[in-house]
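Have a look at the structure below, then the notes.
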Amino acid sequence: MSAPESFPAKLDLVLKTLSMSRGRLAAELGVDKSLVGRWTSGAVSPSAHSLENLTRLVTSKQAGFTMLDWDRDLASLARVFGQDLAEPAAANPVNGVTTPGLPLQGLDIARLVTERRAATYEGFWRTTRPSIAMPGKLFHDYGIVRKEANGLLRMAVGGSGLLFEGWLLPVEGQLFCILFDTVGQTPVFGIFNGVALHKATRLDGLILAAALNSSRTPSAFPTVLDRLGDLSGDIAADDAHARELQALDTQAKPEVVAELGEHLIRNVGPKAVEQGTGELLLLSSWANSISRGLSFGGHLAG
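Next up, the structure:
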């Protein structure tokens with residue numbers, strides 16, 4: 001029996017319900033951790049022999065589990081472990097009234113791409129962005145990107161006591177970001193240029209948000225994300241490290257301002273076009289993108 005098409009999401013669910021890291025799974029199977037990483041990213045599928053060994057290991061921890069359980073859909077597989085996954089478009093009771101969930105027609109496409117490319121974007125990240133309240137200043141947010149059991153990339157970034165949580169949806173070479181602040185649940189939207197190589201090290205794009213001023217002014221501004229490190233596979237430890245990062249100083253250091261200031265604080269408008277110093281509109285085009293990545297082993301960069 002070969003691994004089913006949606007195997008990466010199912011393996012991710014099994015690991016989380018069993019509270020197992022990828023490293024521990026690799027150790028118990030006697031395989032390299034990088035192989036498990038490729039299974040969970042969808043880069044490769046387990047051989048029939050590996051799938052048998054994996055099933056035997058899961059059965060030792062979850063009585064009654066069989067090879068056939070890999071053919072279940074994600075929600076059904078979760079129930080084998082006593083879990084109940086909420087359907088993406090399930091009805092949500094609000095003040096006693098049941099309302100339909102938000103219909104996102106492209107969600108299936110985003111999940112399909114995530115199965116193949118999750119490992120490209122999972123990790124610890126630092127944003128660098130201009131301040132709306134303090135013109136000319138650059139600030140950071142710190143956080144984590146990790147694939148969840150629902151097949152989507154969850155993103156949680158913040159600093160200075162404010163946290164934004166939501167999802168990264170990879171579609172056609174770009175990352176569409178929908179986040180909500182955990183205090184007022186105000187939405188923030190972003191689009192970032194993705195990378196073609198296996199591991200993203202820097203991403204750039206635009207954010208649209210309501211500024212944190214008295215009038216909550218709608219604002220658009222460039223943002224850069226830099227990878228700070230890789231996930232360990234231990235969910236609790238990774239979450240703890242993300243919280244440690246979010247306690248760091250959020251003001252950008254002079255060397256960061258020197259490197260990214262011109263990219264993030266743009267000269268935009270008719271005068272900029274007339275003088276040849278900028279663009280008419282705020283853009284994040286592929287031609288000017290500073291997104292970059294690495295190949296497996298780091299032999300190629302770009």
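Letter 130 of the sequence shown, counting from 1, is numbered 130 in the working numbering, and no numbers are missing.
Each residue gets a CB set at the ideal place from its N, CA and C atoms; glycine is no exception.
### Task
Kindly provide the ranges of any beta strand (DSSP E) runs that are 3 or more residues long and lie completely inside the region 127-182, ordered along the chain.
138-147, 153-159, 162-171 and 174-181
#### Entry: Cβ pair residue 181, residue 192 closer than 8 Å
no
### Query
What is the rounded straight-line gap between the Cα of residue 281 and the Cα of residue 252?
26 Å
### Query
When you compare each of 151, 299, 124 and 254 to residue 202 by their alpha carbons, which one comes out closest?
124
### Task
Could you spell out the range, first to last residue, of the alpha helix (DSSP H) harbouring residue 12?
7-17
### Query
Where does the unbroken beta strand (DSSP E) through residue 73 begin, and where does it stop?
Taken as a continuous stretch (DSSP letters only), residue 73 belongs to no beta strand (DSSP E), as it is neither H nor E.
### Query
Per DSSP, residue 270 forms a beta bridge with which residues?
DSSP output for residue 270 lists no bridge partner at all.
### Message
Between the alpha carbons of residue 289 and residue 79, how many angstroms are there, rounded?
### Response
44 Å
### With 16 other Cβ atoms within 10 Å as the buried cut-off, status of residue 19
exposed
### Query
Near residue 199, which residues of its chain fall below 7 Å by C-beta distance, leaving aside the five closest residues on each side in sequence?
120, 293 and 294
### Task
Tell me whether the beta-carbon of residue 118 lies closer than 8 Å to the beta-carbon of residue 41.
yes
### Message
Once DSSP output is grouped into helix, strand and coil, what is the label at residue 233?
### Response
coil
### Task
Determine contact between the region 261-278 and the region 155-163, defined as no fewer than three beta-carbon pairs at a distance below 8 Å.
no
### Query
Between which two residues does the beta strand (DSSP E) containing residue 188 stretch?
187-193
### Message
If you measure between the beta carbons of residue 170 and residue 178, is that distance less than 8 Å?
### Response
no
### Message
Taking only three categories from DSSP, how would you classify residue 89?
### Response
Annotation note: pLDDT 42 at residue 89 (below 50); position unreliable, coordinate value reported separately. DSSP places residue 89 in coil when its eight states are reduced to three.
#### Entry: Where residue 36 falls: helix, strand or coil (DSSP)
helix
### Task
Figure out for me which residue from 66, 55 and 223 has the closest Cα to the Cα of residue 127.
223
### Query
Between the Cα of residue 250 and the Cα atoms of 286, 139, 205 and 143, which residue gives the shortest distance?
139
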